[in-house]
Structures are given as structure tokens and as C-alpha cells.
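Visitor: In terms of the numbering used here, the sequence shown is residues 1340 to 1418. Cβ atoms here follow ideal geometry from the backbone N, Cα and C, with glycine treated the same way. Model, not experiment: these values are computed from the prediction.
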Amino acid sequence: MAENRIRVDARGIACPGPITELVKAYRNAKNGDIIEVMATDPGFKPDVEAWIKRTGNQLLEFREEGGTYVAVIKVTAKK
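(1) For T1415, which three-state DSSP category applies?
(2) Give me whichever residues DSSP pairs with R1344 in a beta bridge.
(3) Of all the options A1410, D1372 and I1374, which has the alpha carbon lying nearest to the alpha carbon of D1386?
(4) Classify T1379 as helix, strand or coil using the three-state DSSP reduction.
(5) Only counting the same chain, and skipping five residues up and downstream in sequence, which positions put a Cβ closer than 7 Å to that of I1374?
Below you can see the structure in the form of C-alpha cells.
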């Protein structure tokens, strides 16, 4: 089964907006899907780390690119 890549652009949205957008995308995702979230809020990193820990999904990558934070998440915990 091919993975589905879901891109979420939450740039310019203040906390808790980026994590809210991630949760919306997650609701429509399936195990194996990749969610890539772009955000400019510096609070996004601790928020996404806490969300990963709480939900049991997999953070594949977190990087900063010129003031934009990018989280790449593999959906692994959907029941």
C-alpha cells in the first residue's frame, strides 16, 4: 500500500493553531500516512513533541528552514 502524504501549511498561525491543524489532518489520515506540517510559531516544536509522546505516532524529522519549522510525522497509532 502506498503512503499518502498530507501537507499542512500552518505558517503565520499562532499557538495552538499549528497543533490544531495537525490534529485535523490526523483525523483524516490512516496508518502509514505521512503528515508534513509547516509552522512559524516557535512553540510548535514542544507542542508537536508532546503530541507525539501522547499519541504514540512517529516523528520522522523536525527541521527549521529559514524561520519555518517542519515536522514530518508517520501515522502509526490509528486504531
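Guide: Result, derived from the coordinates:
(1) coil
(2) I1373
(3) A1410
(4) coil
(5) I1345, V1347, L1361, A1364, Y1365, A1368, I1412 and V1414
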